[in-house]
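Contents: one structure, followed by commentary.
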Amino acid sequence: MSSRAGTAKSPPKTRVVLVTLASGQFLMALDSSVMNVSIATVAEDVGTTVTGIQGAITAYTLVMAMFMIPGGKVGALIGRKRAFMIGCCIYGAGSLTTALAPNLTVLLLGWSFLEGIGASLILPAIVALVAGNFSVERRPAAYGLVVAAGAIAIAVGPLIGGIATTYFSWRWVFAGEVVVVLAILLLARRVADAPPGERRSIDFVGAVLSALGLGIFVYGVLRSDEWGWFQPKPDAPAWLGVSLTVWLMLAGLALLWIFLRWEAKVVERSGDPLVDPGMLQNKQLTGGLTMFFFQYLVQMGVFFIVPLYLSVALGLSALETGARLLPLSVTLLAAAVLIPRFLPDVSPRRVVRLGILALLAGAVILMAALDLDAGAEVVTVPLLLIGLGMGALASQLGSVTVSAVPQAQSAEVGGVQNAVTNLGSSIGTALAGSIMIAALTTSFLTTIEANPAVPDSVTSQATVQLQSGAEFLSDAQLETAFDEAGVDPELSQAAMDANAEARLDGLRAALAILALVALIALFFTQRIPPVQPRSPDPSP
Numbered sequence: 105m106s107s108r109a110g111t112a113k114s115p116p117k118t119r120v121v122l123v124t125l126a127s128g129q130f131l132m133a134l135d136s137s138v139m140n141v142s143i144a145t146v147a148e149d150v151g152t153t154v155t156g157i158q159g160a161i162t163a164y165t166l167v168m169a170m171f172m173i174p175g176g177k178v179g180a181l182i183g184r185k186r187a188f189m190i191g192c193c194i195y196g197a198g199s200l201t202t203a204l205a206p207n208l209t210v211l212l213l214g215w216s217f218l219e220g221i222g223a224s225l226i227l228p229a230i231v232a233l234v235a236g237n238f239s240v241e242r243r244p245a246a247y248g249l250v251v252a253a254g255a256i257a258i259a260v261g262p263l264i265g266g267i268a269t270t271y272f273s274w275r276w277v278f279a280g281e282v283v284v285v286l287a288i289l290l291l292a293r294r295v296a297d298a299p300p301g302e303r304r305s306i307d308f309v310g311a312v313l314s315a316l317g318l319g320i321f322v323y324g325v326l327r328s329d330e331w332g333w334f335q336p337k338p339d340a341p342a343w344l345g346v347s348l349t350v351w352l353m354l355a356g357l358a359l360l361w362i363f364l365r366w367e368a369k370v371v372e373r374s375g376d377p378l379v380d381p382g383m384l385q386n387k388q389l390t391g392g393l394t395m396f397f398f399q400y401l402v403q404m405g406v407f408f409i410v411p412l413y414l415s416v417a418l419g420l421s422a423l424e425t426g427a428r429l430l431p432l433s434v435t436l437l438a439a440a441v442l443i444p445r446f447l448p449d450v451s452p453r454r455v456v457r458l459g460i461l462a463l464l465a466g467a468v469i470l471m472a473a474l475d476l477d478a479g480a481e482v483v484t485v486p487l488l489l490i491g492l493g494m495g496a497l498a499s500q501l502g503s504v505t506v507s508a509v510p511q512a513q514s515a516e517v518g519g520v521q522n523a524v525t526n527l528g529s530s531i532g533t534a535l536a537g538s539i540m541i542a543a544l545t546t547s548f549l550t551t552i553e554a555n556p557a558v559p560d561s562v563t564s565q566a567t568v569q570l571q572s573g574a575e576f577l578s579d580a581q582l583e584t585a586f587d588e589a590g591v592d593p594e595l596s597q598a599a600m601d602a603n604a605e606a607r608l609d610g611l612r613a614a615l616a617i618l619a620l621v622a623l624i625a626l627f628f629t630q631r632i633p634p635v636q637p638r639s640p641d642p643s644p
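And the structure:
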């Protein structure tokens, strides 16, 4: 069916299509946050360590990053709807495997591999199916709701994970995902497919190059907290005195450059490239992709920082932490849906700029509000602003990228778009975490050095032991450690006071870098079109 068939749908049927695709996006994003509050419980249940579970989460991110671009091409070859449904089946099998996993090996197979492969088929297909089922005029609202569903999943993930782990079992989260997948498969019958591409081949060399390039780059970023960004941490791998993180990122970029050169050669030979390099010369497309990168970098940085403040610095439970994140979901959803509805002809560039300014304002206000006497209520207004900014961006960027190319290339755009957002998410989380730990460590050492109650021998010992960075610990965790070690009460109190101030310094530093990134993003908004884009297809 053509997109014209999709645009002729009655409103009830259109709503079913939108719910189906938004549910798929919600499900894919949920795994990024739902188990963060339950890592220790999952580790104990499957007989492994916290590091093992963190490795499984890392592997899930890597698999998605590696296969996102090939996944988009598969959808272009076999049909977007078929790729979407096959991806759902694989993802559902992975969720069921994870729910029943008796050990880490099975958990890795289900969560990291099968769910990662499924997501790499589903996410690019969603982008193409929105383009195929909604007219150009209705795409901003459709994309806005779909992207909002993913962001809301990340926001409510800790709440869902906390409820399941506290009252039931973490396994019920993945069992619930199987039920959601079955519902999506039933509803997907109402989704109109876009025709597959004319040529039936896939560039396997390009697939390997893109997978290795993205995988190596993302792996380097994900290990930066352990290895260091440039200067290697003690006992971390290094080459020529430089952290292995740098070398992996450079190797990944080099492979991606080779990938693009190879794709150009495929085009010259009239072959069927994985991604047409000519697309990346499209100003509108690259502008949208750039803003997606900045949005997800700031977004995931915020989702990393705020829960830490609420759960560790303030000691809130997983349920209370999740509840405090809900204001963000409200304004995000409102902006994503209402802007296209009531301002259909608004300038995308203006909306994107205002969205970035809202992100910037939210980060700055939160940074200023953090104080030793502050409570959980200080996050409300900043989160409302950040949600507003994310929703504004979501309402425009999806339509901007897809309308930049003919609909036949929408699946390829979906693969590239999700690869870019994956990169932004990985860098945002890693950057916020490393800046926070570095600032926390420096602040802690500076405070205890200036405190006469702390002996010089203790200060020297702390300086040596914290070369790799201090841990982000709650007061309860620190107090327990001091009691078990039999530390002098006066010294213990001095260290706890220093830790409390250092935590806030670390959070402020991380928010400052995210605010700086948002400010930098403003300089790239010139590439966003000033008027609502129209599809280059002769008959959208």
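Under my numbering, the first residue of the sequence shown is numbered 105, with each subsequent residue one higher. Note that the Cβ used here is the ideal one computed from N, Cα and C, for glycine as well. What you are looking at is a predicted structure, and each value in this text was computed from that prediction instead of being measured.
Nearest to residue i (by Cα), restricted to the options the options
{"i": "Lys387", "options": "Asp297, Ile632, Val120", "result": "Ile632"}
{"i": "Leu227", "options": "Ile256, Phe217, Ala126, Gly261", "result": "Ala126"}
{"i": "Gln500", "options": "Ile443, Leu527, Ile531", "result": "Ile443"}
{"i": "Gly151", "options": "Ala439, Leu211, Ile182", "result": "Leu211"}
{"i": "Val123", "options": "Gly419, Leu249, Phe278", "result": "Leu249"}
{"i": "Thr270", "options": "Leu213, Gly159, Ile143", "result": "Ile143"}
{"i": "Phe334", "options": "Leu389, Met353, Glu367, Pro634", "result": "Met353"}
{"i": "Ile182", "options": "Ser347, Leu618, Leu463, Ser305", "result": "Ser305"}
{"i": "Gly528", "options": "Cys192, Val325, Val509", "result": "Val325"}
{"i": "Val178", "options": "Ser273, Thr545, Val520, Lys117", "result": "Val520"}
{"i": "Val231", "options": "Asn522, Ala311, Ala614, Lys337", "result": "Asn522"}
{"i": "Glu219", "options": "Leu286, Thr153, Leu131, Asp477", "result": "Leu131"}
{"i": "Pro452", "options": "Gln403, Phe446, Leu497", "result": "Leu497"}
{"i": "Asp297", "options": "Thr118, Lys185, Met139, Tyr323", "result": "Lys185"}
{"i": "Asp477", "options": "Gln511, Ala508, Asp601", "result": "Asp601"}
{"i": "Leu289", "options": "Leu344, Val120, Gly532, Leu492", "result": "Val120"}
Which of helix, strand or coil DSSP assigns to residue i
{"i": "Val568", "result": "Below a pLDDT of 50, predicted positions are generally treated as unreliable, and Val568, at 49, falls in that range; the measurement from the model is reported next regardless. Helix."}
{"i": "Val725", "result": "Outside the shown range of the chain, which is 105 to 644, sits residue 725, and nothing can be said about it."}
{"i": "Asn603", "result": "helix"}
{"i": "Gly319", "result": "helix"}
{"i": "Gly382", "result": "helix"}
{"i": "Lys337", "result": "coil"}
{"i": "Met189", "result": "helix"}
{"i": "Thr152", "result": "coil"}
{"i": "Ala296", "result": "coil"}
{"i": "Met139", "result": "coil"}
{"i": "Gly183", "result": "coil"}
{"i": "Asn207", "result": "coil"}
{"i": "Gly419", "result": "coil"}
{"i": "Val285", "result": "helix"}
{"i": "Gly375", "result": "coil"}
{"i": "Trp274", "result": "coil"}
{"i": "Gln636", "result": "coil"}
{"i": "Glu241", "result": "coil"}
{"i": "Ser314", "result": "helix"}
{"i": "Gly392", "result": "helix"}
{"i": "Ile306", "result": "coil"}
{"i": "Arg612", "result": "helix"}
{"i": "Arg327", "result": "coil"}
{"i": "Ala598", "result": "helix"}
Where residue i falls, given that 16 or more other Cβ within 10 Å makes a residue buried
{"i": "Ala622", "result": "buried"}
{"i": "Asn237", "result": "buried"}
{"i": "Arg242", "result": "buried"}
{"i": "Ile173", "result": "buried"}
{"i": "Gly479", "result": "exposed"}
{"i": "Ile190", "result": "buried"}
{"i": "Ile328", "result": "Before going further, note that residue 328 is Ser rather than Ile in the sequence given. Ser328 should be labelled buried."}
{"i": "Val568", "result": "Low per-residue confidence applies at Val568: pLDDT is 49, beneath 50, and the placement is therefore not dependable, though the value from the model is reported in the following sentence. Classification of Val568: exposed, given that the 10 Å Cβ count is below 16."}
{"i": "Leu544", "result": "buried"}
{"i": "Glu516", "result": "buried"}
{"i": "Ala246", "result": "buried"}
{"i": "Ala439", "result": "buried"}
{"i": "Glu645", "result": "With the chain covering 105 to 644 only, the question about residue 645 has no answer from this structure."}
Rounded Cβ spacing between residue i and residue j (contact assumed at less than 8 Å)
{"i": "Thr394", "j": "Phe627", "result": "The Cβ separation is near 10 Å, so there is no contact."}
{"i": "Ala235", "j": "Ser514", "result": "4 Å"}
{"i": "Tyr400", "j": "Thr551", "result": "Not really, about 34 Å apart at Cβ, beyond 8 Å."}
{"i": "Met494", "j": "Leu436", "result": "5 Å"}
{"i": "Ala203", "j": "Ala279", "result": "4 Å"}
{"i": "Leu489", "j": "Ala465", "result": "5 Å"}
{"i": "Phe272", "j": "Ser224", "result": "That pair is no contact at about 30 Å."}
May I ask you to verify whether the region 191-202 touches the region 480-490, counting CB pairs closer than 8 Å and requiring at least 3?
The region 191-202 makes no contact with the region 480-490, as fewer than three CB pairs between them are under 8 Å.
Assess, as a yes-or-no matter, whether the region 599-606 is touched by the region 363-377 under the definition of 3 or more beta carbon pairs within less than 8 Å.
In short, these stretches do not touch, since the Cβ pair count stays below three.
Whether or not the region 258-265 and the region 533-545 are in contact is what I'm after, with contact meaning three or more pairs of Cβ atoms, one per stretch, closer than 8 Å; do they touch?
Verdict: no, contact absent.
Whether or not the region 359-366 and the region 408-421 are in contact is what I'm after, with contact meaning three or more pairs of Cβ atoms, one per stretch, closer than 8 Å; do they touch?
No, because fewer than three Cβ pairs between the region 408-421 and the region 359-366 fall closer than 8 Å, the two stretches do not touch.
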